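Going line by line, the protein sequences match chains G and Y.
Residues in the first sequence are numbered from 1 upward in steps of one, following UniProt numbering.
Residues in the second sequence are numbered from 1 upward in steps of one, following UniProt numbering.
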Amino acid sequence: MSSSSTTTTTTRLLMLKASDGVTFEVEEAVATKLGAINNMVEEEGSEDLICLPNVNGKFLGMVLEWCKKHANNNTNSDKGNDEVNKWWDKEFVMDLDQNTLYHLLMAADYLSGTELVDLLTEKVASMIRGKKVEEIRETFKIKSDFLPGQEEEIRKKNSWAFE
Amino acid sequence: MDLSRQISSEKITPPPPPHYSLPEDVVFTQILSRLPVKSLMRFKCVSKTWFAYISSDPDLVATHLDRQHSKSSLILAKSYLNRAKSRVFLLLNESKTLELDVSYISRSVETAPSVEIYNIVGSFNGLLCLEIGEPDLNSVMLCNPATREFRYLPRPDFESVGRRACFGFGFDGDANDYKVVRIFSGDRGPLHVHVYTKSSNSWRRLIVGGGGGKSGLVLSQDQSAVAANGALYWSAIGAATLRHCVLSFSIRDEVLQVTEVPVMRESDKFYEYDIKLVKWMESLVALIRYDGFTSHDCYFRSLIVNGVGINIDMMNISWSKMFVLEVGIPRGNFWTCFRGVWGESFLLNKDSELLLYEHPIIGYGSDNRKESTYWSSKILIERLPGPDWNFHEAHDYVESLVSVF
Chain G
1 MSSSSTTTTT
11 TRLLMLKASD
21 GVTFEVEEAV
31 ATKLGAINNM
41 VEEEGSEDLI
51 CLPNVNGKFL
61 GMVLEWCKKH
71 ANNNTNSDKG
81 NDEVNKWWDK
91 EFVMDLDQNT
101 LYHLLMAADY
111 LSGTELVDLL
121 TEKVASMIRG
131 KKVEEIRETF
141 KIKSDFLPGQ
151 EEEIRKKNSW
161 AFE
Chain Y
1 MDLSRQISSE
11 KITPPPPPHY
21 SLPEDVVFTQ
31 ILSRLPVKSL
41 MRFKCVSKTW
51 FAYISSDPDL
61 VATHLDRQHS
71 KSSLILAKSY
81 LNRAKSRVFL
91 LLNESKTLEL
101 DVSYISRSVE
111 TAPSVEIYNI
121 VGSFNGLLCL
131 EIGEPDLNSV
141 MLCNPATREF
151 RYLPRPDFES
161 VGRRACFGFG
171 FDGDANDYKV
181 VRIFSGDRGP
191 LHVHVYTKSS
201 NSWRRLIVGG
211 GGGKSGLVLS
221 QDQSAVAANG
231 ALYWSAIGAA
241 TLRHCVLSFS
251 IRDEVLQVTE
261 VPVMRESDKF
271 YEYDIKLVKW
281 MESLVALIRY
291 DGFTSHDCYF
301 RSLIVNGVGI
311 NIDMMNISWS
321 KMFVLEVGIP
331 RGNFWTCFRG
341 VWGESFLLNK
351 DSELLLYEHP
361 IIGYGSDNRK
371 ESTYWSSKIL
381 IERLPGPDWN
391 FHEAHDYVES
401 LVSVF
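(1) Note down, in chain order, every chain G residue with its Cβ under 7 Å from the Cβ of P23 (chain Y).
(2) At a CB-CB cut-off below 8 Å, which residues of chain Y make contact with I154 (chain G)?
(3) Between R87 (chain Y) and chain G, is the shortest Cβ-Cβ distance under 9 Å, so that the two count as touching?
(4) Tell me, please, whether the CB atom of P58 (chain Y) is closer than 9 Å to any CB atom in chain G?
(5) Compare the C-beta of L98 (chain Y) against all C-beta atoms of chain G and say whether one is closer than 9 Å.
(6) For a cutoff of 9 Å on Cβ pairs, would you count I31 (chain Y) as touching chain G?
(7) Does any residue of chain G bring its CB to less than 9 Å from the CB of D388 (chain Y)?
(8) If the criterion is Cβ atoms closer than 9 Å, does the pair S248 (chain Y) and A231 (chain Y) meet it?
(9) For L35 (chain Y), go through chain G and note every residue whose CB falls closer than 8 Å to its CB, in chain order.
(10) Please determine, among Y:G213, Y:V140, Y:S352 and Y:G343, the residue with the shortest C-alpha to C-alpha distance to K198 (chain Y).
(11) Do you know offhand how far I183 (chain Y)'s Cα is from S47 (chain Y)'s?
(12) Tell me, please, which residues DSSP counts as bridged to W234 (chain Y).
(13) With a cut-off of 8 Å, do at least 3 Cβ pairs link the segment 111-123 of chain G to the segment 131-139 of chain G?
(14) Would you kindly work out how many angstroms separate the C-alpha atoms of S345 (chain Y) and L147 (chain G), rounded to a whole number?
(15) Spatial neighbours of T11 (chain G) within its chain, please: C-beta separation below 6 Å, excluding the five flanking residues on both sides.
(16) Mapping the DSSP letters down to three states, classify L207 (chain Y) as helix, strand or coil.
(17) On the three-state DSSP scale, how would you describe L130 (chain Y)?
(18) Going along the chain, which residues of its own chain have a beta-carbon closer than 8 Å to the beta-carbon of K143 (chain G), five neighbours each way excluded?
(19) By the three-class DSSP mapping on this structure, what secondary structure does T63 (chain Y) have?
(20) L105 (chain G): which of Y:T147, Y:L65 and Y:V27 sits nearest, CA to CA?
(21) Tell me whether Q223 (chain Y) sits in a helix, a strand or coil according to DSSP, three-state version.
(22) In whole angstroms, what is the alpha-carbon distance linking Q257 (chain Y) and L81 (chain Y)?
(23) Output yes if chain Y places a C-beta closer than 9 Å to the C-beta of S5 (chain G); else output no.
(24) For H69 (chain Y), name the three-state secondary structure that DSSP assigns.
(25) Which same chain residues end up closer than 7 Å to P156 (chain Y) when comparing Cβ atoms and leaving out the 5 residues on each side of it in sequence?
(26) By the three-class DSSP mapping on this structure, what secondary structure does P190 (chain Y) have?
(27) Taking one C-beta from the segment 164-174 of chain Y and one from the segment 116-126 of chain Y each time, how about it: are there three or more such pairs within less than 8 Å?
(28) Ignoring anything shorter than 4 residues or poking outside the UniProt domain "F-box" (22-63) of chain Y, list the alpha helix (DSSP H) runs there in chain order.
(29) For F146 (chain G), which three-state DSSP category applies?
(30) For W87 (chain G), count neighbouring Cβ atoms within 10 angstroms of its own Cβ and tell me buried if that reaches 16, exposed if not.
(31) In chain Y, which residues lie less than 8 Å from E151 (chain G) when you measure between Cβ atoms?
(32) Drop a sphere of 10 angstroms on the beta-carbon of F405 (chain Y), count the other beta-carbons inside from all chains shown, and report buried for 16 or more, exposed for fewer.
(33) Just the C-alpha distance for T259 (chain Y) and K78 (chain Y), rounded to the nearest angstrom, thanks.
(34) Three-state secondary structure (DSSP) at N72 (chain G)?
(35) In three-state DSSP terms, what is G57 (chain G)?
(36) At a CB-CB cut-off below 7 Å, which residues of chain G make contact with R148 (chain Y)?
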């Protein structure tokens, strides 16, 4: 049956330390799904404690949870895995509020988790596609810097996009 | 002064660092490239940086285009009673269609009473090439229906050869440039070929020798070129031989070549068949209609073009037969209602409705015309406004930010 020794090959554990001191013990295969950690492991060799001063423990935990799911699903090379991952991704982003999404995206970007960034930016895009200009400014904390009249002119030119 | 230039020439002072903000790369390349064009056009109003980025960043245009996976199709509908009327429909999937507002085009010229779309010449990367107004005007524009940008092509300096031109629209991926080709053909003399490139916004005359069947070649009117494998293809008839040919034009190298369509069993009555070129499964396919003596005695044979590509060596055009099909529609009708292909299915116009015929393939490589096709049809669009309305050729389409300028 499937109780072979393949799963028990030496899985090295890495210790990741978040900005608030929270530490996570993660299998190397899981953590190296993140490009930044992969680079650190490759460059700095066998350092077991990796400090991540830009990521808060709460969000690092979420990022690692995502990595773990994907690493697990990818080990058994089943055709249904894509479906499982998709379903799981959907669940993962479904109830994220804007603030969490923002911090998670920052963390994923900082850690170079390309696939996770794709997933999260897709979620952001789906949340903002129908929004008004004012809501976008609010969401991204942007102040309009147009000269008087400029914004009106652009609005007039693209009035159909505001219908 | 043009607003976009005005804004880009003003110094954009970086905004004071907000108390938190996403990296620009994430916002611009990652998030904005996933938005529909309509949202992006609206978000130009967010700030100068967003305006500049959405208006003119080549990476955003490219990434946005790359992300357009689901292909839809565009189809033009026209009324033959009132020629000043046309409508454009976007076929999103089997059960969803959307009418595009193209009224801004007809409002664009104040002097002309009617500047409706006469024909869709071609569609690439979200750009359409359109014939506008009466066909004899040979008036052509590039249009991006997603951004609603459009641009009339300049009139060539050199002579029109009198008749209506046949057009083709292609994309040169190596040069990242778009080309419009117009050809005047006649039963005597050489072809007159003019090539427009978007980057130069001007026309060139192409010197065409009369050899290789390129003299006395008559292109089928009302059929724009089919683009496939880096080349444009027109169906044509040799005036002297009365044989059906395909005129090909390689978009990158601008090499013209004439290839005869092989006539099979019916060679003794070759004038009784008719040909339509379509792009099907990424290849050029010639649908050949053979008419028999009874009204139902009609079948189709398709030929696929082999060995034509973007290579300069275009000498090796060959044909292989793919399928024979028989349709359950009296002859003549199928032909007049055939509107193109969508995925693997055929689009047919019947009684002002658009039908999708699925699985039109049978009998690969078979010569047996008794094999029959089992068609299933679905209605794609609700009825057009009246019986005088018709759907015309369908074109693949993806939404994009690609500029017509």
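Each residue gets a CB set at the ideal place from its N, CA and C atoms; glycine is no exception.
Owing to the predicted nature of the structure, the values given are computational and were not obtained by experimental measurement.
Judging by the given coordinates:
(1) Simply D109.
(2) Near I154 (chain G) (Cβ distances below 8 Å), the residues of chain Y are L3, K44, C45 and F51.
(3) Not closer than 9 Å to any Cβ of chain G, the Cβ of R87 (chain Y) fails to qualify, so no.
(4) Interface criterion not met: the Cβ of P58 (chain Y) is under 9 Å from no Cβ in chain G.
(5) No - not a single Cβ of chain G is within 9 Å of the one on L98 (chain Y).
(6) Yes, contact with chain G.
(7) Not closer than 9 Å to any Cβ of chain G, the Cβ of D388 (chain Y) fails to qualify, so no.
(8) The Cβ atoms of S248 (chain Y) and A231 (chain Y) sit closer than 9 Å to each other.
(9) From the beta-carbon of L35 (chain Y), the residues of chain G found nearer than 8 Å are A125, I128 and R129.
(10) It is Y:V140 whose Cα lies nearest to the Cα of K198 (chain Y).
(11) Looking at the two C-alpha atoms, the distance is approximately 46 Å.
(12) BP columns for W234 (chain Y) point to Y:L247.
(13) Flag = no, the segment 111-123 of chain G and the segment 131-139 of chain G do not touch.
(14) For S345 (chain Y) and L147 (chain G), the distance between alpha carbons rounds to 52 Å.
(15) Same-chain partners within the cutoff: E27.
(16) Strictly speaking, residue 207 (chain Y) in this sequence is Ile, with Leu absent from that position. DSSP, read as helix, strand or coil, puts I207 (chain Y) in coil.
(17) Residue state for L130 (chain Y) is assigned as strand, using DSSP reduced to three classes.
(18) Sequence-distant partners of K143 (chain G) (beyond 5 residues in either direction) whose C-beta falls short of 8 Å from its own C-beta, in its chain, are R137.
(19) If DSSP states are grouped into helix, strand and coil, T63 (chain Y) belongs with the helices.
(20) Comparing C-alpha distances from L105 (chain G) to each of Y:T147, Y:L65 and Y:V27 shows the shortest one belongs to Y:V27.
(21) If DSSP states are grouped into helix, strand and coil, Q223 (chain Y) belongs with coil.
(22) Those two C-alpha atoms are separated by around 38 Å.
(23) Low confidence applies to S5 (chain G): its pLDDT is 44, below 50, so where it sits in the model is not reliable enough to give any reading.
(24) Looking at H69 (chain Y) - three-state DSSP - the assignment turns out to be coil, as it is neither helix nor strand.
(25) So the list reads H194 and W203, once near-sequence residues are dropped.
(26) Here P190 (chain Y) carries a strand assignment [DSSP, helix/strand/coil].
(27) Taking a cut-off of 8 Å for Cβ pairs, the segment 164-174 of chain Y and the segment 116-126 of chain Y touch, as three or more such pairs fall below it.
(28) List check, alpha helix (DSSP H) in window: 37-43 and 48-56.
(29) Coil, per DSSP.
(30) With fewer than 16 Cβ atoms within 10 Å of its Cβ, W87 (chain G) is classed as exposed.
(31) C45, listed in chain order.
(32) The residue in question, F405 (chain Y), is exposed, as its Cβ has fewer than 16 Cβ neighbours within 10 Å.
(33) In this structure, the straight-line span from the alpha carbon of T259 (chain Y) to that of K78 (chain Y) is close to 33 Å.
(34) DSSP places N72 (chain G) in helix when its eight states are reduced to three.
(35) DSSP places G57 (chain G) in helix when its eight states are reduced to three.
(36) Ordered by position in chain G, the residues that pass the 7 Å Cβ test against R148 (chain Y) are W160.
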